[in-house]
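Take a look at the structure set out below.
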Amino acid sequence: MKTVLIGRTSEELAQITRGLNLQAYRTDQLMDWMYRQRVDDFEQMTNLPLDLRSQLDERFRVCDMKVLQHRTGEEGTEKFAFTLRDGEVVETVIMRYEHGVSLCLSTQVGCVMGCPFCATGAGGLLRNLSRPEILGQWFLAQRRLDETGERISHVVMMGMGEPLNNYEHSHKSLRLLHSEEGPGISYRRMTLSTVGITPRILQLAEEDMPITLAVSLHAPNDYLRDRLVPVNKKHPLSELIPACELYAEHSGRRVSFEYAMMKGVNDHPELARELGVLLRDMTCHINLIPFNPVPGVDYEPSPLEAVRKFRDVLSMVGLSVTIRRPLGLEIDAACGQLRRHLGAEDAVT
Ligand code: SAH
Ligand code: SF4
1124 MKTVLIGRTS
1134 EELAQITRGL
1144 NLQAYRTDQL
1154 MDWMYRQRVD
1164 DFEQMTNLPL
1174 DLRSQLDERF
1184 RVCDMKVLQH
1194 RTGEEGTEKF
1204 AFTLRDGEVV
1214 ETVIMRYEHG
1224 VSLCLSTQVG
1234 CVMGCPFCAT
1244 GAGGLLRNLS
1254 RPEILGQWFL
1264 AQRRLDETGE
1274 RISHVVMMGM
1284 GEPLNNYEHS
1294 HKSLRLLHSE
1304 EGPGISYRRM
1314 TLSTVGITPR
1324 ILQLAEEDMP
1334 ITLAVSLHAP
1344 NDYLRDRLVP
1354 VNKKHPLSEL
1364 IPACELYAEH
1374 SGRRVSFEYA
1384 MMKGVNDHPE
1394 LARELGVLLR
1404 DMTCHINLIP
1414 FNPVPGVDYE
1424 PSPLEAVRKF
1434 RDVLSMVGLS
1444 VTIRRPLGLE
1454 IDAACGQLRR
1464 HLGAEDAVT
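Its first residue numbered 1124, the sequence shown is counted upward by one per residue in my numbering.
Right, here's the structure in full:
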């Protein structure tokens, strides 16, 4: 089976080129072709000698993921489904904003965390994605954008899976996406969304990677959060909130709290007051996410009136809060809608 090159740092690539008895500058050339020119066919790497191109082609692939499906939604949202080497499927979303183009990356096939309102978690965890598979999502999405001269400027790890449950590959992928030899995306334009695995949040705080941490809170007390986010039983709010405070201090970035508004479940104004008390001493921002319907899930979206009221209670206590625009609903690309198995209606590419 051919070795995949995307997702490797220059040191890792240098090991490979040394193994082939190539001169050091060949590593730089390959890095440039992959990360700057986004060329995936060795034949097109015109500054490499012809025999080297065919030698590479016999043993390596730049990226071996395939675009299974590509759908375009409203307001510049696009969703890709990629087939991995073992036939599994991951989804990746592009969102266009005034401030740039954001890529929403998946980090696992499925998820083990079992949040009852989420489509990704419904089938459990199949496996972690490797660094080549995470960078492969960037590579194929950026190649598509190259056709229109656009560049991915922001990265959010908010797709399928729990990035802190695949810590090594997730954080090293962000490092590579940041590096000058790679795509060179600023840490300030990266966000990692977690369900709240506190030991890993503390570890991330030590990494010297000032990315934004987004925490999927969804409830202001353990009683409700235990139900909506089962991992809370293991890492309750008394552990999570101090970890977020420490993260904010170390990174110098305010933490984002995600709160998906579910009708009659977590949208009562009294819960907003409780949330206000929980977060009032923190440098943070709260995102109220309209709940996205998921087949087979009983929760329903809160009416806009309830969402606004909830926001007003939080604003009144001086917290920074926004109601997030639902993007990608029409192509099942919104938060919590990404999943491993495409439905029958998705079968055409
Ligand atoms: N596992 C990570 C990142 C992936 S989930 C996490 O949980 O943070 C990305 C976001 O989508 C999380 O905030 C999650 O709580 C939210 N989400 C999941 N299902 C949703 C749904 N049906 N409607 C709205 N948001 C949802
Ligand atoms: Fe996993 Fe996040 Fe979905 Fe929870 S919301 S099941 S942590 S992907």
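Glycine included, each C-beta is placed from N, C-alpha and C at the ideal position.
- Taken from the Cβ of Cys1227, every heavy atom of the ligand SF4 lies 8 Å or farther away.
- Secondary structure within the region 1255-1329: the beta strand (DSSP E) runs of 3 or more consecutive residues, fully enclosed, are 1275-1280, 1313-1317 (chain order).
- Between Ala1337 and Val1352, the CB-CB gap reaches or exceeds 9 Å.
- Restricting attention to Asp1421, Leu1437, Pro1392, Met1384, the CA atom closest to the CA of Arg1447 is found in Met1384.
- Relative to the ligand SF4, Met1313 has its C-beta separated by 8 Å or more from all heavy atoms.
- No residue range can be given for Val1388, since it is assigned to no alpha helix (DSSP H) and is classified by DSSP as neither H nor E.
- Of the candidates Ala1371, Phe1205, Leu1268, Leu1268 places its Cα closest to the Cα of Gly1223.
- In the DSSP assignment, Ala1204 is bridged to Gln1192, Glu1214.
- When secondary structure is reduced to three states using DSSP, Cys1241 falls in the coil class, being assigned neither helix nor strand.
- Rounded to whole angstroms, the separation of the alpha carbons of Lys1125 and Val1216 is 27 Å.
- Between the ligand SAH and the CB of Asn1415, the shortest heavy atom gap is smaller than 8 Å.
- Beta-bridge analysis with DSSP links Ser1225 to Met1218, His1277.
- The continuous alpha helix (DSSP H) containing Cys1367 extends over residues 1360-1374.
- The Cβ atoms of Val1278 and Ser1225 lie closer than 9 Å to each other.
- Under the DSSP assignment, Leu1411 falls in the beta strand (DSSP E) whose first and last residues are 1407-1413.
- Closest in C-alpha terms to Pro1365, from the list Tyr1382, Cys1407, Thr1200, Pro1392, comes Cys1407.
- In this structure Gln1160 is exposed. Its beta-carbon is surrounded by fewer than 16 other beta-carbon atoms within 10 angstroms.
- Shown here for Arg1323: same chain residues with a beta carbon closer than 6 Å to its own, the five before and five after excluded, namely Leu1287, Tyr1290 in chain order.
- Ranked by how close their Cα comes to the Cα of Ser1253, the residues Thr1195, Glu1372, His1292 have His1292 in first place.
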